[in-house]
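There are 2 protein chains.
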Amino acid sequence: MSERGAVVLLSGGLDSATCAAWARGQGYRLHCLSVAYGQRHERELLSAQRVAESLGAVEHLMINVPLDSFGHSALTAAIAVPKDRDPGQIGADIPATYVPARNSVLLSLALAFAESRGLFEIAIGVNRLDCSGYPDCRPEFVSAFERLANLATAAAAQGQGSYRILAPLMDLDKAGIVRLALSCGLDLGLTWSCYDPQGAGAAARPCGRCDSCILRAKGFAAAGVSDPLIAAG
Amino acid sequence: MSERGAVVLLSGGLDSATCAAWARGQGYRLHCLSVAYGQRHERELLSAQRVAESLGAVEHLMINVPLDSFGHSALTAAIAVPKDRDPGQIGADIPATYVPARNSVLLSLALAFAESRGLFEIAIGVNRLDCSGYPDCRPEFVSAFERLANLATAAAAQGQGSYRILAPLMDLDKAGIVRLALSCGLDLGLTWSCYDPQGAGAAARPCGRCDSCILRAKGFAAAGVSDPLIAAG
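Chains A and B, in that order, are what the protein sequence lines are. Under this note's numbering, the residues of the first sequence are numbered 1431 to 1663, in order. Under this note's numbering, the residues of the second sequence are numbered 1431 to 1663, in order.
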C-alpha cells in the first residue's frame, strides 16, 4: 500500500467518484479538487463534497474558475442540452455539452495544486468508451498532458520527481465503472451525473434524458444493479 | 497582413504588452485575456486594461482564477519577494516568485477562450533569457502545450484548424523586448513589471528591487532608453 498523497479531480460524477475510491483503495491519501466553472449542473459539487467526506479525503479544495465567461457549451451557456439520444449515437460525435479545453484547465489546476503540496500523482476519471466523444478524454490527451507537466514545473525541472497522470477508468465502460465503484465500497447514491437537474439544490432530481443520465442508466443496467440515486428519489 | 484574430495573454507586464503590440503589428485582431490569480502585484491588471485599450483590442476578458488557493509562491502567499539580487544571478535558479503551473493554467484558459471564439492562434510573451528561470517559459514547454492543444480540443479533432502558440519574444533579451515594443509604437509607460508594488491602486510605485524591476531596468539601460514608467514617478 502506498502512503503517498494524490490529487484527485472530483466533479462529483460517477466517474470521478469511482476514480477517487480507486485511488483510496490503492492507499493514496486523497487531496481532492473540485471546480465550480459555471456548470448548469452545479448540483454535482454537493456530491463531490459528500464523496470526499465519505472517502476520508485529507483535503478537499473547491475553487471557482469561470469557464462560463467563454460560453460556447450547453453546460455553461444558454444552449439546449441534447436529450433522448440513442445510446449508440452517444460518443459518435462531439455534442453541445463539450466544454472547450475543460480537462486541460482542470488538469493544469490539479498540477498547480499537486506541485504546491509536493505531490506527483494526479488522478482523473476520464474514459474513452462512454465519454460522450469528448477529445480530452482520450489516452493520447492524457499522455500529452503528462509530458507537459514534466516540462512545466519547478519540481520536475529540479529533479524532485516525475508527474504521473493516473486514469484508471480509461479502458472501462460504464458497467465496468459501476462494478469497480462497488468493489471499492463507494456509495454511488452520493454521486451525481445529470447535466440538466430538475429542481434546485439538494432537492434536484436527474432529468433522465441527457447523455450523461443515459450512459449512467446503461452502465447500471449492464452491471445488473439498481442505481441508488434513482431508487432514493 | 492577417485579418485573423488571436488570443493574447496579457498580464500588463512589459513582455505580454510587447507580445500584444507585436501581434497587433502582424495584423491580428486582439482578443486579450487577463487573469486575476491572487497576485500581490494586482496593479499589473490596471496596466493590462490600459494596454488593451491603447492597442484597440476587440475584446478584453478579465477573469478571476484563485491560484492563491494553492499558495506556495511569493506572488500569491505570505512569502517574501526576493530583493536586490545580482542581475547575473537571476535565472540561475527558480526563485520563490515561481507560481506552480501558472503558464499551464493560463495557456489552458487561453485555449478555452480561443476555441470558444473559433480562433487558432494564442500569443504569449514568454522568453527564455530574462525570465527569472521559470521552467514554463522554455521553448520545449511551449511546444508541448501546442501539441496538447491539438489533442485536447473539439475544433482540432474535427479538423477545423490547428492551434499555434506564438511566442515572439522567446529568443529576445529584455533590451531586445524594449526595442521591439518601441518599434511597434507601444507606450511602455502603460506597462507594469514590479512584483511588490509600494502603495495601493493607481498610485502604487515599483519597488525597484525585485527581480522583475531589476530585469526591466537592465533592459531599458541596455536599450539606451529611459523607462517612462519610472520617469513619470
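Positions of the beta carbon are idealized from the N, C-alpha and C atoms, including for glycine.
Out of curiosity, what's the CA-to-CA distance linking residue i and residue j?
| i | j | result |
| --- | --- | --- |
| E1483 of chain B | L1439 of chain B | 14 Å |
| N1494 of chain A | V1437 of chain A | 17 Å |
| A1597 of chain A | E1576 of chain A | 11 Å |
| G1591 of chain B | I1552 of chain A | 30 Å |
| H1471 of chain B | S1477 of chain B | 11 Å |
| L1572 of chain A | A1611 of chain A | The identity of residue 1572 of chain A in the sequence shown is Val, whereas the question assumes Leu. Those two C-alpha atoms are separated by around 22 Å. |
| L1659 of chain B | V1511 of chain B | 21 Å |
| D1516 of chain B | G1638 of chain B | 13 Å |
| G1455 of chain A | D1617 of chain A | 14 Å |
| E1545 of chain B | A1540 of chain A | 21 Å |
| G1435 of chain B | R1635 of chain A | 42 Å |
| A1447 of chain B | V1481 of chain B | 7 Å |
| G1631 of chain A | V1608 of chain A | 25 Å |
| A1633 of chain B | L1620 of chain A | 51 Å |
| G1629 of chain A | S1499 of chain A | 24 Å |
| K1513 of chain B | A1653 of chain B | 23 Å |
| E1570 of chain B | G1563 of chain B | 14 Å |
| C1567 of chain B | A1574 of chain B | 12 Å |
| Q1479 of chain A | A1487 of chain A | 10 Å |
| E1489 of chain B | A1661 of chain A | 48 Å |
| G1518 of chain B | T1583 of chain B | 41 Å |
| A1587 of chain B | P1565 of chain B | 29 Å |
Closer than 6 Å by C-beta to residue i: which residues in its own chain qualify, once you throw out the five before and the five after it? Chain order, please.
| i | result |
| --- | --- |
| D1560 of chain A | D1603, K1604 and L1645 |
| Y1467 of chain B | V1495 and L1497 |
| G1501 of chain B | A1507 |
| N1557 of chain A | L1599, M1600 and L1602 |
| I1509 of chain B | A1526 |
Where do the N-terminal and C-terminal ends of the alpha helix (DSSP H) with residue i fall, by residue?
| i | result |
| --- | --- |
| V1481 of chain B | R1473 to S1484 |
| L1541 of chain B | R1532 to R1547 |
| I1660 of chain B | P1658 to A1661 |
| I1644 of chain A | D1641 to A1653 |
| I1607 of chain A | K1604 to S1613 |
| W1452 of chain A | L1444 to G1455 |
What is the residue span of the beta strand (DSSP E) that residue i lies within?
| i | result |
| --- | --- |
| L1596 of chain A | R1594 to L1596 |
| V1488 of chain A | Premise fails: V1488 of chain A is in no beta strand (DSSP E) and is neither H nor E. |
| G1435 of chain A | G1435 to L1439 |
| A1466 of chain A | R1459 to A1466 |
| A1574 of chain B | Per DSSP, A1574 of chain B belongs to no beta strand (DSSP E); it is in the alpha helix (DSSP H), P1569 to A1582. |
| A1553 of chain B | E1551 to A1553 |
Here's a check: name, in chain order, each residue in its chain whose Cβ is nearer than 8 Å to the Cβ of residue i, leaving out the five neighbours to either side.
| i | result |
| --- | --- |
| L1491 of chain A | H1461, C1462, L1463, S1464 and F1543 |
| R1678 of chain B | Look at the range of chain B in this structure, 1431 to 1663, and you will see that residue 1678 of chain B is not part of it. |
| S1656 of chain A | F1650 |
| G1548 of chain A | A1585 and Q1590 |
| C1640 of chain B | V1511, P1512, K1513, T1527, C1624, Y1625 and D1626 |
Which residues in the same chain have their Cβ closer than 7 Å to the Cβ of residue i, if we skip the five residues on either side of it in sequence?
| i | result |
| --- | --- |
| Q1469 of chain B | L1505 and T1506 |
| C1449 of chain B | V1438, A1553, I1554, G1555, P1598 and L1599 |
| E1474 of chain A | S1441, G1442, G1443 and W1622 |
| I1452 of chain A | Looking at the sequence provided, one finds Trp at residue 1452 of chain A rather than Ile. Only P1598, L1610 and C1614 meet the Cβ criterion. |
| S1642 of chain A | S1623, C1624 and Y1625 |
| L1485 of chain A | A1450, A1451, R1454 and L1460 |
| D1445 of chain B | G1555, N1557, L1599 and I1607 |
Taking contact to mean at least 3 C-beta pairs separated by less than 8 Å, is the stretch 1520–1531 of chain B in contact with the stretch 1579–1590 of chain A? The stretch 1520–1531 of chain B and the stretch 1579–1590 of chain A touch, with no fewer than 3 CB-CB distances between them shorter than 8 Å.
Name, going along the chain, the residues of the stretch 1549–1562 of chain A whose beta-carbon falls closer than 8 Å to a beta-carbon of chain B. Of all residues in the stretch 1549–1562 of chain A, none has a Cβ within less than 8 Å of some Cβ in chain B.
Are three or more beta carbon pairs between the stretch 1518–1527 of chain A and the stretch 1536–1549 of chain B nearer than 8 Å? No: the two stretches stay apart, fewer than three of their Cβ pairs being nearer than 8 Å.
Assess contact between the stretch 1615–1624 of chain A and the stretch 1640–1660 of chain A, defined as three or more Cβ pairs (one per stretch) separated by less than 8 Å. Is contact present? They touch, by the three-pair rule.
Using Cβ-Cβ distances below 7 Å, what residues of the stretch 1497–1525 of chain A are close to chain B? Under the 7 Å Cβ criterion, the stretch 1497–1525 of chain A contributes L1497, S1499, F1500, G1501, H1502 and I1524.
Name, going along the chain, the residues of the stretch 1573–1587 of chain A whose beta-carbon falls closer than 9 Å to a beta-carbon of chain B. The residues in question are S1573, A1574, F1575, R1577, L1578, A1579, N1580, L1581, A1582, T1583, A1584, A1585, A1586 and A1587.
Can you list, in chain order, the residues of the stretch 1462–1489 of chain B whose Cβ is nearer than 7 Å to any Cβ on chain A? Flagged: no residues at all.
With 9 Å as the limit, tell me which residues of the stretch 1528–1547 of chain A have their beta carbon closer than that to any beta carbon of chain B; keep them in chain order. Within the stretch 1528–1547 of chain A, the residues whose Cβ lies closer than 9 Å to any Cβ of chain B are, in chain order, Y1528, V1529, P1530, A1531, R1532, N1533, S1534, V1535, L1536, L1537, S1538, L1539, A1540, L1541, A1542, F1543, A1544, E1545, S1546 and R1547.
Output, in sequence order along the chain, the residues in the stretch 1623–1651 of chain A whose CB is closer than 7 Å to any CB in chain B. Shown here is that no member of the stretch 1623–1651 of chain A has a Cβ falling below 7 Å from a Cβ of chain B.
Select from the stretch 1432–1464 of chain B all residues with a C-beta closer than 9 Å to any C-beta belonging to chain A, and list them in chain order. If the cut-off is 9 Å between Cβ atoms, the stretch 1432–1464 of chain B has nothing near chain A.
Against chain B: residues of the stretch 1593–1608 of chain A by CB proximity under 8 Å: Within the stretch 1593–1608 of chain A, no residue has a Cβ that lies closer than 8 Å to any Cβ of chain B.
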